[in-house]
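Trainee:
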Amino acid sequence: MIHDLGSGTGSMGRWLAARLPGPQHWILHDRDAELLRIAAANMIDSAADGAPVTVETRVGDISRLTAADLSGAFLVTASALLDLLTKEELGAVAAACVGAGCPALLTISVTGLVELTPGDPMDAEVASAFNAHQRRTVRDRRLLGPDAVDAAIELFSRLGAEVLVRPSPWRLGPVGVADEPAARAADEPAGRTVGGGAPSGAGGGAVSGAASGAVNAALSGAEGYAGEQAELIVEWLTGWVGAACEQRPDLTEAGVEYAARRRAEGAAGRLGVTLDHSDLFIR
C-alpha cells in the first residue's frame with residue numbers, strides 16, 4: 144500500500160505509480176471529496192512493469208492520522224504539502240510515519256528562494272513579502288511556509304529517522320534563459336531521483352482582494368511570451384506578486400508596475416525564473 148497525503152487531484156500517484164514496478168494499491172487522503180473523486184477517476188491502472196494499480200480514497204484531516212492508519216504501508220507520499228501545515232501538524236504526520244515503520248517521499252517543498260534573470264531592484268522585496276504571506280496565521284494556524292523543510296528534518300530526525308534531502312528547482316522561461324542562474328545544475332547531486340511537476344498554485348494559490356485584481360490586470364494576456372511555458376510564468380507571477388501585495392498592501396502600486404515590467408521582459412524572451420524546492424526521502 145502507498146498512502147498519498149493531501150493528494151488533491153492525484154498528480155503524485157499518476158507520476159509515481161508509472162515509475163514503480165509491481166502491484167500497487169494507492170490510498171489517497173484529502174479533506175476535499177471532490178478533488179479525491181477527480182484523482183480516483185484519473186489514476187493510472189498499470190505500473191512500470193504492467194502490474195495492476197488500484198486506488199481508494201479517504202476523506203479526512205491528515206494531521207489526525209496515526210501509525211495504525213498507516214499500518215502495512217510500504218511508502219507514504221506527499222507533494223507540495225509541507226508548507227501548508229503547522230509545525231504541530233507536521234509533527235503528527237512524522238509520528239504516524241515513523242511509528243508505522245514506513246519510508247516517506249515528501250516532494251516539492253518550497254524553500255523561499257527565488258531567482259529571476261535578469262534581476263530587478265524589487266525582486267528581494269517581493270520575495271520577502273511573499274515568504275511572510277506563506278508564514279501567515281490562518282484561523283489560529285501558523286503555516287510553516289518556507290520553514291517546512293527545516294522543520295521536517297528536525298521532527299523526523301528527532302524520532303530517529305534518516306532524512307535525505309535533495310534540491311528540485313523549477314526552471315521556467317524561454318530555452319536558454321531559465322538555465323542561466325549561476326551554475327545551479329553543477330551544484331546539484333547527480334543522484335537526485337525525485338522532483339518536478341507543474342507549478343500550478345506555486346505562487347501561493349488564489350489571492351483575493353484589490354491587490355490581486357490589480358496584479359492580475361497587469362499580467363493579463365500571455366501572448367507575448369516565447370515558448371510553451373508562457374502560461375506557467377504568467378500564472379506563477381500572478382500568484383507570487385499578488386500574495387506579496389496581499390501581505391503588504393503598501394506594495395500594491397509598485398507591485399503592479401513591477402508585474403508589468405516583468406511581463407515586458409517575458410514578451411522580449413528575456414525572463415527566466417528559478418524556484419527553489421527540496422525533496423525529502425525519510426527512512
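Those letters in the sequence shown? Residues 144 to 426, by the numbering used here. Glycine is no exception: its CB is placed at the ideal position from the N, C-alpha and C atoms.
I'd like to know whether the C-beta atoms of Gly398 and Val384 end up nearer to each other than 7 Å.
Mentor: Sequence index remark: in the sequence shown, residue 398 carries index 255 (1-based). Sequence index remark: in the sequence shown, residue 384 carries index 241 (1-based). In contact: Gly398 and Val384 (Cβ atoms closer than 7 Å).
Trainee: I'd like the span of the beta strand (DSSP E) that includes Ile187, first residue to last.
Mentor: Against the sequence shown, residue 187 aligns to sequence position 44. From DSSP, Ile187 is part of no beta strand (DSSP E); its letter is neither H nor E.
Trainee: Tell me whether Val281 is buried or exposed, calling it buried when 16 or more other Cβ atoms sit within 10 Å of its Cβ.
Mentor: Position 138 of the sequence shown, counted from the first residue, corresponds to residue 281. Per the 10 Å Cβ criterion, exposed.
Trainee: What separation, rounded to the nearest whole angstrom, lies between the Cα atoms of Leu148 and Ala237?
Mentor: As a working mapping, residue 148 is identified with position 5 in the sequence shown. As a working mapping, residue 237 is identified with position 94 in the sequence shown. Between Leu148 and Ala237, the C-alpha separation is close to 12 Å.
Trainee: Ser222 lies in the alpha helix (DSSP H); which residues open and close that run?
Mentor: Residue 222 sits at position 79 when you count from the first residue of the sequence shown. Per DSSP, Ser222 belongs to no alpha helix (DSSP H); it is in the beta strand (DSSP E), Leu218 to Ser222.
Trainee: How many angstroms separate the CA atom of Val196 from the CA atom of Ala267?
Mentor: Stepping through the sequence shown from its first residue, residue 196 is reached at position 53. Stepping through the sequence shown from its first residue, residue 267 is reached at position 124. Each residue's Cα considered, the two are about 45 Å apart.
Trainee: At 4 residues or longer, what runs of the alpha helix (DSSP H) sit wholly inside the stretch 226-306?
Mentor: 230-243, 266-277 and 291-301
Trainee: Rounded to the nearest angstrom, what separates Gly339 and Ile251 at their Cα positions?
Mentor: In the sequence shown, the residue the question calls residue 339 occupies position 196. In the sequence shown, the residue the question calls residue 251 occupies position 108. Note on Gly339: pLDDT 31, under 50, position unreliable in the model; the coordinate value appears next. Spanning the alpha carbons of Gly339 and Ile251 requires a straight line of approximately 7 Å.
Trainee: Give the DSSP-derived three-state secondary structure of Arg391 in the structure shown.
Mentor: As a first step, residue 391 is located in the sequence shown; it is residue number 248 there, counting from the start. Coil.
Trainee: Tell me, which residues are paired with Thr416 by DSSP?
Mentor: Within the sequence shown, residue 416 is the residue found at index 273, counting from 1. Per the sequence shown, the amino acid found at residue 416 is Val instead of Thr. Answer is Leu259 and Leu315.
Trainee: For the alpha helix (DSSP H) holding Arg157, just list the boundary residues, first then last.
Mentor: In the sequence shown, residue 157 corresponds to position 14, counting from 1. For Arg157, the enclosing alpha helix (DSSP H) stretches over residues Ser154 to Ala160.
Trainee: Let me know if Thr209 comes out buried or exposed under the rule of 16 or more other beta-carbons within 10 Å of its beta-carbon.
Mentor: Numbered from its first residue, the sequence shown carries residue 209 at position 66. Exposed, by the Cβ-count rule.
Trainee: Which whole-angstrom value describes the C-beta separation of Thr254 and His146, a residue pair presumed to lie in contact below a C-beta threshold of 8 Å?
Mentor: Translated into positions along the sequence shown, residue 254 becomes position 111. Translated into positions along the sequence shown, residue 146 becomes position 3. The Cβ separation is near 25 Å, so there is no contact.
Trainee: Under a three-way DSSP split, which group does Leu171 fall into?
Mentor: Locating residue 171 in the sequence shown gives position 28, counting from the first residue. In this structure, Leu171 counts as strand in the three-state DSSP scheme.
Trainee: Grouping DSSP H, G and I as helix and E and B as strand, with all else coil, what is Leu208?
Mentor: Position 65 of the sequence shown, counted from the start, is the residue given in the question as residue 208. In the structure shown, Leu208 sits in coil (DSSP, three-state: anything other than H, G, I, E or B).
Trainee: For Phe217, count neighbouring C-beta atoms within 10 Å of its own C-beta (all shown protein chains included) and say buried if the count is 16 or more, exposed if not.
Mentor: Position 74 of the sequence shown holds residue 217. Counting Cβ neighbours within 10 Å, Phe217 comes out exposed, since fewer than 16 surround it.
Trainee: With a threshold of 6 Å on Cβ separation, who are the neighbours of Ala223 within its own chain once the five nearest residues in sequence on each side are excluded?
Mentor: The residue labelled residue 223 in the question sits at position 80 within the sequence shown. Same-chain partners within the cutoff: Ile251.
Trainee: Looking only at its own chain, which residues have a Cβ that is under 8 Å from the Cβ of Asn274, when we skip the five neighbours before and after it?
Mentor: Along the sequence shown, one-based indexing puts residue 274 at 131. Cβ neighbours of Asn274 beyond the five flanking positions: Gly255, Gly288 and Pro289.
Trainee: Does Ala403 pass the burial test, meaning 16 or more other C-beta atoms within 10 Å, or should it be called exposed?
Mentor: Taking the sequence shown and counting its residues from 1, one reaches residue 403 at position 260. Label assigned to Ala403: exposed.
Trainee: Contact check, Arg201 vs Ile170 under 8 Å by CB: the rounded distance?
Mentor: Numbered from its first residue, the sequence shown carries residue 201 at position 58. Numbered from its first residue, the sequence shown carries residue 170 at position 27. That belief holds up - the Cβ atoms of Arg201 and Ile170 are roughly 6 Å apart, short of 8 Å.
Trainee: Go to Leu148, then tell me how far its beta strand (DSSP E) extends in each direction, as first and last residue.
Mentor: By one-based count along the sequence shown, residue 148 stands at place 5. Counting along the chain, the beta strand (DSSP E) containing Leu148 begins and ends at Ile145 to Leu148.
Trainee: From the DSSP output, read off the bridge partner residues of Pro195.
Mentor: One-based indexing of the sequence shown puts residue 195 at position 52. Pro195 is bridged to Ser189.
Trainee: Taking the DSSP output, what are the residues bridged to Arg201?
Mentor: For the purposes of this step, residue 201 is identified with residue 58 of the sequence shown, where counting begins at 1. According to DSSP, Arg201 shares a beta bridge with His172.
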